[in-house]
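Take a look at the structure set out below.
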Amino acid sequence: MSAHAFTAASPPRSGCSRTHRSYLALLFLLCAGLVCADTAPPLSPNVARFVLANAEFSVMHEMGHMLIAEYDLPVLGREEDAADQLGFILLFRLYAKLPQDEIDARLLDIADYWRLEWQTPKPPPDQVLAWDSHPLDEQRYYNIACLLYGSDMGRLDWVPALTGLPYERAVYCDQEFKQASKAVNWVLHVRRTQAIRHHPGARLEFEPPLINLEETEQLIALLRDENHLQALVNEVFLQFHPPRPLTLRLINCGAPDAWYNINAGEMALCYERLQHFREMAENLPRLRTPVTRQCPGPAGLRPGGC
Ligand SMILES: [Zn+2]
Numbered sequence: 001m002s003a004h005a006f007t008a009a010s011p012p013r014s015g016c017s018r019t020h021r022s023y024l025a026l027l028f029l030l031c032a033g034l035v036c037a038d039t040a041p042p043l044s045p046n047v048a049r050f051v052l053a054n055a056e057f058s059v060m061h062e063m064g065h066m067l068i069a070e071y072d073l074p075v076l077g078r079e080e081d082a083a084d085q086l087g088f089i090l091l092f093r094l095y096a097k098l099p100q101d102e103i104d105a106r107l108l109d110i111a112d113y114w115r116l117e118w119q120t121p122k123p124p125p126d127q128v129l130a131w132d133s134h135p136l137d138e139q140r141y142y143n144i145a146c147l148l149y150g151s152d153m154g155r156l157d158w159v160p161a162l163t164g165l166p167y168e169r170a171v172y173c174d175q176e177f178k179q180a181s182k183a184v185n186w187v188l189h190v191r192r193t194q195a196i197r198h199h200p201g202a203r204l205e206f207e208p209p210l211i212n213l214e215e216t217e218q219l220i221a222l223l224r225d226e227n228h229l230q231a232l233v234n235e236v237f238l239q240f241h242p243p244r245p246l247t248l249r250l251i252n253c254g255a256p257d258a259w260y261n262i263n264a265g266e267m268a269l270c271y272e273r274l275q276h277f278r279e280m281a282e283n284l285p286r287l288r289t290p291v292t293r294q295c296p297g298p299a300g301l302r303p304g305g306c
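Residue numbers (my numbering): 1 to 306.
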């Protein structure tokens with residue numbers, strides 16, 4: 001299914017509950033085949049954009065870990081903070097060719113995801129605690145909102161009010177953005193001196209989904225549309241030339257996770273994470289993001305629903 005076919009409407013799932021007795025046997029036979037197979041409702045453009053933006057940020061965060069490891073970069077502070085900053089700046093630059101309101105909406109979707117994680121009650125095993133290597137969800141929300149606002153404080157003067165980013169933090173966000181941007185430029189400089197110029201790039205692999213087959217296939221189609229994710233990964237590899245071939249795998253994990261495995265040379269993004277993004281976007285109140293008015297963007301970077 002192409003993302004171009006997505007609509008805002010969410011029709012009810014088809015079912016097999018007809019009651020007319022004379023048709024029961026026939027219905028049974030039909031339902032055992034394809035006619036009454038459970039059909040996942042289509043992704044609305046708004047939900048598709050949320051899933052896509054957060055899937056892309058997840059991948060770019062892991063790319064941040066990958067760059068730190070592959071180039072043995074010095075890291076001051078927590079690596080998870082550095083990976084978030086690298087991921088944000090990478091994505092911010094990759095989005096540069098998109099319409100401005102689409103860029104704003106996607107980056108806000110990424111901040112909003114962390115707000116939803118923070119404000120959604122969860123059992124203790126699922127909570128991020130103060131001792132964890134990751135920042136608290138609440139901190140990641142404000143960190144991303146600050147980087148977004150700091151990218152253009154004049155044009156984005158509505159971001160602090162919308163996100164609740166306090167003045168005391170917001171006033172320095174341009175410096176935070178510049179600092180993160182400078183770090184990425186430095187990594188680019190390092191790779192020019194260390195990289196092997198000709199390399200096979202990154203392989204993108206989609207494992208066959210094992211659960212929620214129709215819904216997962218829709219999410220895979222969203223990422224595959226116009227070679228969307230592959231285009232982003234190719235662009236990062238083109239810029240940074242990692243010193244060895246690496247693989248990005250979309251896989252079944254049993255948990256909404258993502259990681260970079262230095263031993264295997266693999267980045268992984270779990271289907272359960274995509275599904276988690278989808279459920280959040282469909283069921284929880286989100287920040288009022290700018291309406292996506294202009295579709296499509298350049299080939300390979302089109303937002304879902306266009
Ligand atoms: Zn991480």
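Where is the CB? At the ideal position from N, CA and C, for every residue including glycine.
Could you tell me which of the options sits nearest to residue i, measuring between CA atoms?
i: Arg49; options: Ala82, Arg106, Phe92; result: Arg106
i: Asn261; options: Phe57, Ser44, Ala40, Gly64; result: Gly64
i: Thr163; options: Tyr95, Glu138, Asp72, Glu80; result: Glu138
i: His61; options: His241, Val184, Ala170, Pro166; result: Val184
i: Gln275; options: Asn252, Ala170, Glu266, Gly265; result: Asn252
i: Pro45; options: Glu168, Leu219, Leu67; result: Leu219
i: Asp81; options: Arg140, Trp114, Leu269; result: Arg140
i: Met66; options: Glu214, Ile211, Asn263; result: Asn263
i: Ile144; options: Gly87, Lys122, Arg203, Pro209; result: Gly87
i: Val171; options: Gln127, Gly154, Tyr95; result: Gly154
i: Asp323; options: Leu248, Arg169, Pro121, Leu156; result: For residue 323 there is no data in the structure shown, the boundaries of the chain being 1 and 306.
i: Lys178; options: Asp257, Glu214, Asp152, Arg191; result: Asp152
i: Leu94; options: Trp131, Pro166, Pro41, Leu238; result: Leu238
i: Asp126; options: Leu246, Ala255, Tyr71, Ala96; result: Ala255
i: Arg308; options: Thr247, Ile103, Asn212; result: Examination of residue 308 is not possible in this model, given that the chain is present from 1 through 306 alone.
i: Arg203; options: Arg169, Leu165, Arg244; result: Arg244
i: Gly77; options: Tyr142, His134, Ala281, Val236; result: His134
i: Ile103; options: Phe57, Trp114, Val236; result: Phe57
i: Glu205; options: Leu246, Ala180, Pro166, Ser181; result: Leu246
i: Asn283; options: Leu98, Val236, Tyr167, Thr120; result: Thr120
i: Ala180; options: Ala130, Asp257, Phe92, Leu165; result: Phe92
Below 8 Å on the Cβ atoms is my guess for residue i versus residue j; work out the distance and round it to an integer in Å.
i: Ala55; j: Leu223; result: 6 Å
i: Leu108; j: Leu148; result: 7 Å
i: Phe240; j: Val187; result: 7 Å
i: Glu79; j: Ile89; result: Not a contact, Cβ separation roughly 16 Å.
i: Asn234; j: Gly201; result: 6 Å
i: Leu287; j: Asp112; result: 5 Å
i: Glu307; j: Gly150; result: Absent from the structure is residue 307, since the part of the chain shown begins at 1 and ends at 306.
i: Ala268; j: Arg249; result: 5 Å
i: Tyr271; j: Pro208; result: In fact, because the Cβ distance is near 10 Å, the residues do not count as touching under 8 Å.
i: Val47; j: Arg278; result: 6 Å
i: Leu229; j: Val59; result: 7 Å
i: Glu226; j: Ala40; result: Between Ala40 and Glu226 the Cβ distance is about 21 Å, and since that is not below 8 Å, they are no contact.
i: Arg191; j: Tyr71; result: 7 Å
I'd like the span of the alpha helix (DSSP H) that includes residue i, first residue to last.
i: Leu312; result: Coverage of the chain is limited to positions 1 through 306, which leaves residue 312 absent and any answer about it impossible.
i: Asn234; result: 228-240
i: Asn46; result: 45-70
i: Thr163; result: 159-163
i: Ala83; result: 79-94
i: Arg140; result: 137-151
i: Arg106; result: 100-119
i: Glu207; result: Where Glu207 is concerned, there is no enclosing alpha helix (DSSP H), given that its DSSP letter is neither H nor E.
i: Arg169; result: 167-170
i: Ala221; result: 213-224
Over the uninterrupted beta strand (DSSP E) stretch that includes residue i, give me the two end residues.
i: Ile251; result: 246-251
i: Ala258; result: 258-261
Check: Listed by chain order, which residues have C-beta atoms less than 6 Å from any heavy atom of ligand 1?
Finding: His61, His65, Glu80, Ala83
Next item on the list: Would you list, in sequence order, the uninterrupted beta strand (DSSP E) runs of no fewer than 3 residues that lie entirely inside the segment 172-196?
Entry: none
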